[in-house]
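Student: Below: one structure in structure tokens.
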Ligand code: NI
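In this note's numbering, the protein residues as written are 75 to 351.
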């Protein structure tokens, strides 16, 4: 089962910072997200990196160590993706190969209702058959989004070079009130010639972001407002299923090589797979 292996692999290698954060929370620091101000996502990931090294992540198998009850709180504090990941893995363990699941607990979902940076209604059909690197951010973001998009672009190129298979980078704005189709049309090609930009009505973006557990929040109401948001790059299989994700601390080389690994494993298990022309 490639998805399990991928999940375990990710738990072993990719999720360590987040797992450390969870460990750190358990060790004493009480999550205060419900009462106190929410830290910018960058700092949350930074805190995860600064946590003491753990030689081996816990909860490699069996039941998800974080219950659904604590998930809401954990999500706000930044460690929630681990819980989701474990829950997702558990879901796959319990329901192997039953086709596309309509379950509500899964990570991800179609980017329906959005409009691409050419002004065309987006259909996920256009992404099926493609490996996808998916990122949520906003054009006005001063440094983090540009950094992440540059990393994604380099990682996508590296994966393609290593495997001969294309990865489609996708940027969804979580600031649809300000990021118009025209803004995206100008913004996306600055990072990668194939970067697909998506925007939509605020409610549509909200629904998509919810499926992907992406957090975002306007920091103020001035004209030059910033948006605090999760900094996560998702990697998707050609069938649209969630494969793994990368945090801010992943370098483009790490991202590219991990993506290539996922591509190679997928190809091994899907000998008939041919990328879209
Ligand atoms: Ni940003």
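By construction, the Cβ of each residue, glycine as well, lies at the ideal position given by its N, Cα and C atoms.
Quick caveat, the model's predicted, so the values are computed rather than measured.
Hey, would you say the C-beta of residue 181 is under 6 angstroms away from at least one heavy atom of the ligand NI?
Tutor: By 1-based counting over the chain shown, the position of residue 181 is 107. No, since every heavy atom of the ligand NI falls outside the 6 angstroms radius drawn around the Cβ of residue 181.
Student: CB of residue 219 to nearest heavy atom of the ligand NI: below 6 angstroms?
Tutor: Position 145 of the chain shown holds residue 219. Correct: residue 219 has its Cβ closer than 6 angstroms to the ligand NI.
Student: Who are the near neighbours of residue 228 in its chain, counting only those whose CB is closer than 6 angstroms to its CB and skipping five residues on each side?
Tutor: As a working mapping, residue 228 is identified with position 154 in the chain shown. Cβ neighbours of residue 228 beyond the five flanking positions: 326.
Student: Of the residues 338, 345 and 248, which one's Cα is nearest the Cα of residue 281?
Tutor: Translated into the one-based positions of the chain shown, residue 281 becomes position 207. The candidate whose alpha carbon is nearest that of residue 281 is 248.
Student: Under DSSP, the beta strand (DSSP E) around residue 259 begins and ends at which residues?
Tutor: The sequence position of residue 259 within the chain shown is 185, counting from 1. From DSSP, residue 259 is part of no beta strand (DSSP E) but of the alpha helix (DSSP H) over 255–261.
Student: Heavy atom of the ligand NI less than 6 angstroms from the Cβ of residue 354, yes or no?
Tutor: Limits of the chain in this structure are 75 at one end and 351 at the other, which puts residue 354 out of reach.
Student: Please work out which residues of its chain come closer than 6 angstroms, Cβ to Cβ, to residue 225, disregarding the five sequence neighbours upstream and downstream, and give them in chain order.
Tutor: Looking up residue 225 in the chain shown gives position 151. So the qualifying residues of the chain are 326.
Student: Under the DSSP definition of a beta bridge, which residues are partnered with residue 303?
Tutor: On the chain shown, position 229 is the one that residue 303 refers to. Answer by DSSP bridge pairing, in chain order: 290.
Student: Determine whether the beta carbon atoms of residue 426 and residue 203 lie at a separation below 7 angstroms.
Tutor: Residue 426 lies beyond the range of the chain shown here (75 to 351); nothing can be said about it.
Student: Where does residue 217 land, buried or exposed, given buried means 16+ other C-beta within 10 angstroms?
Tutor: As a working mapping, residue 217 is identified with position 143 in the chain shown. Residue 217 comes out exposed.
Student: Whole angstroms is fine: what's the gap from residue 261's alpha carbon to residue 240's?
Tutor: The residue given as residue 261 occupies position 187 in the chain shown. The residue given as residue 240 occupies position 166 in the chain shown. Taken atom to atom, the span from the alpha-carbon of residue 261 to that of residue 240 is near 21 angstroms.
Student: Here's the rule: buried if 16 or more other CB atoms are within 10 angstroms of the residue's CB, otherwise exposed. What is residue 320?
Tutor: In the chain shown, residue 320 corresponds to position 246, counting from 1. Residue 320 should be labelled buried.
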